[in-house]
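A.B. asks: Those protein sequences? They're chains Z and U, same order as listed. Last residue of the first sequence: number 157 in the working numbering, and the count goes up by one each step with no gaps. Last residue of the second sequence: number 421 in the working numbering, and the count goes up by one each step with no gaps. Take a look at this one; I'll ask things after.
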Amino acid sequence: MPRVAQVRTTVGLGWQRSLPGFVGDMWILRTNTATSDMSVSATLKFLPVTSPLPGTAYSTVAAAQWQSPRDLTLTALWLHHAGVLGGGVSGTYQFNVNGTPSALISVPFAAGDQTKGAVGALIIAEDDLLCIELVSIVGGLPQIRSISIAYLIAPEA
Amino acid sequence: MIRSHRKNIVLANQYFAIFGGGTDQFGGASAGEAAFYTPKALEISDATIHVPTAPGAGKSVTLRIDQGGTPGANSIVLSDAEVSEKGALDVSIPVTTSVLNNGSGIHFGRLIPSGSPSAVDAHIGIVYQHTDIPGLVFFASGDSASNFAVGATDEFRGIDSRGTVGATTDALARAVVSVPGRFKFARCRYSTGSDNAYTATLMINGIASAIVLALPTSTGGALVDDGTTEVAVVAGDFVSWRFHRTAGTSTTIVAYCIVGFVAD
Chain Z
1 MPRVAQVRTT VGLGWQRSLP GFVGDMWILR TNTATSDMSV SATLKFLPVT SPLPGTAYST
61 VAAAQWQSPR DLTLTALWLH HAGVLGGGVS GTYQFNVNGT PSALISVPFA AGDQTKGAVG
121 ALIIAEDDLL CIELVSIVGG LPQIRSISIA YLIAPEA
Chain U
158 MIRSHRKNIV LANQYFAIFG GGTDQFGGAS AGEAAFYTPK ALEISDATIH VPTAPGAGKS
218 VTLRIDQGGT PGANSIVLSD AEVSEKGALD VSIPVTTSVL NNGSGIHFGR LIPSGSPSAV
278 DAHIGIVYQH TDIPGLVFFA SGDSASNFAV GATDEFRGID SRGTVGATTD ALARAVVSVP
338 GRFKFARCRY STGSDNAYTA TLMINGIASA IVLALPTSTG GALVDDGTTE VAVVAGDFVS
398 WRFHRTAGTS TTIVAYCIVG FVAD
């Protein structure tokens, strides 16, 4: 069974440079701009949800899960939406590790936002399954145009 | 700063490659593959593959890196009820100057179905490093099956570049730089049509950077690159591509741009 080790710490992006033995890197997950749904590439689309009553919060998780090939520390999550979010829309993005969302890096968004990000430190172990979850969403699903993830990886001998 | 023994991980989707590129989702009877060439020598050590739906009894999917049509020595096989697998690939990819096409060049990755499993998305994590610049990663602007103007489905990590090309067209999407570093080693394979020419510019926060690739008229998949210009960025910067038509009237261009990035 993959293990999940999570640490809570308050960090800024500058912390990445000072952690001995680790180097920072990033993933950019490009979006599928051709569609009007919640796609973040076809494989990062969020699972269908039953539309709740207006104003009711619900959640949905990305369909894509990657199995991490190394121990990593995720340090930042940025999301860029297709446009400024309209009124009545709000929610929170988090990483989901082995089926469980983690609040260690939470990206809240609300009406008027287009780009939002958060930093933190979420340790994931080799073989952990990683994806992104909308842990709370009110209003329609926003269209994401890009996701950027910062991570730390230890150099190998 | 160049660090030794520094490996990177790429998260690839159903089509997979270090830079992006590919033609087929795995499943059915055909192999999905991605082909391109690298401006820097590359070593792929190992990979993971995860699928939401197992291939099924008596069926399998094989992940393998081929070069020039020659199958790689190692492979990772998902079979029957398996949804996750990992293993060593140990492939060295040399620099090549050839313009590659699917089926005729270096196959950078293949998903080979057996027994006609249902077509599903595959999620792959590849561990690799460039041998002369170990911290180097690349971000792709397009895939080998869609072009800049057509809103085709594409599935890769990278910097979105799709949109309708006018005299000046910004990419529809910007990506946020999440760690400080430098962009370098830009390269574009393209076809402009018979009487058109373009420039491809790496944009930072909506402003043209020093990385500008001239794309003169070509209908045969020409190649341009810039191996020297560096553009420094900080966390929070936006990065995107802009295509500017400098000759002709066409509103389409087929362009697959990549740009390297090294974190500070």
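Quick reminder that beta carbons are idealized off the backbone N, C-alpha and C, glycines included. Since the model is a prediction, treat every value here as computed from it, not as a measurement.
1) Report yes or no: do the region 73-89 of chain Z and the region 130-139 of chain Z share at least 3 C-beta pairs separated by less than 8 Å?
2) Starting from the beta carbon of U/Ser241, find every residue of chain Z whose beta carbon is closer than 7 Å, and list them in chain order.
3) Note down the Cα distance separating U/Ile269 from Z/Ala62, rounded to an integer number of angstroms.
4) What does U/Thr219 pair with, by DSSP beta-bridge criteria?
5) Please classify Z/Gly120: is it buried, with 16 or more other beta-carbons within 10 angstroms of its beta-carbon, or exposed?
6) What whole-angstrom Cβ distance do U/Gly229 and U/Arg221 have, given they're in contact under 8 Å?
7) Nearest-angstrom Cα distance between U/Asn165 and U/Lys243?
8) List the residues that DSSP assigns as beta-bridge partners of Z/Ser90.
9) Give a yes or no on whether the C-beta atoms belonging to Z/Ile28 and U/Phe400 are separated by under 8 Å.
10) Under 7 Å between beta-carbons, which chain U residues line up against Z/Thr115? List them in chain order, please.
11) Check for me: the beta strand (DSSP E) holding U/Gly338 runs from which residue to which?
12) In chain Z, which residues lie less than 9 Å from U/Val294 when you measure between Cβ atoms?
13) Excluding sequence positions up to five away, which residues of its chain have a Cβ less than 7 Å from the Cβ of U/Ser335?
14) When DSSP builds the beta bridges, which residues end up paired with U/Asp382?
15) Comparing the C-beta of Z/Ile153 with each C-beta of chain U, is any distance below 8 Å?
16) Less than 6 Å between C-beta atoms, sequence neighbours within five positions excluded: which residues of the same chain meet that for U/Asp237?
17) What does DSSP give as the partner residues of U/Leu168 in its beta bridges?
18) Could you check which residue in U/Gln224, U/Ser232, U/Ala204 and U/Ala379 has the C-alpha nearest to that of U/Ser217?
19) Note the first and the last residue of the continuous beta strand (DSSP E) segment covering U/Gly405.
20) For U/Val333, collect the residues of the same chain with a Cβ closer than 7 Å to its Cβ; drop the 5 residues on either side in sequence, then sort them by chain order.
21) Please list, in chain order, the residues of the region 126-149 of chain Z that have any C-beta partner in chain U closer than 7 Å.
22) Hey, would you say U/Asp203 sits closer than 8 Å to U/Val284, going by beta carbons?
23) Can you list, in chain order, the residues of the region 335-347 of chain U whose Cβ is nearer than 7 Å to any Cβ on chain Z?
24) Name the one or two DSSP bridge partners that U/Val208 has.
25) Anyone know if the C-beta pair for U/Lys197 and U/Val234 falls short of 8 Å?
26) Determine the chain Z residues that contact U/Lys164 at a beta-carbon separation under 9 Å, and present them in chain order.
27) Using the Cβ count rule (16 or more neighbours within 10 Å means buried), how would you classify Z/Gly83?
C.D. replies: Straight from the coordinates:
1) yes
2) Gln67
3) 25 Å
4) U/Val234 and U/Ile269
5) buried
6) 5 Å
7) 16 Å
8) Z/Ala110 and Z/Val138
9) no
10) Val333
11) Gly338 to Ser348
12) Asp25, Met26 and Trp27
13) Ala392
14) U/Arg344
15) yes
16) Ala214
17) U/Gly282
18) U/Ser232
19) Run containing U/Gly405: none; DSSP gives neither H nor E here.
20) Gly393 and Phe395
21) Leu129, Arg145, Ser146, Ser148 and Ile149
22) yes
23) Ser335 and Val336
24) Per DSSP, none; premise fails for U/Val208.
25) no
26) Arg70, Ile153, Pro155 and Glu156
27) exposed
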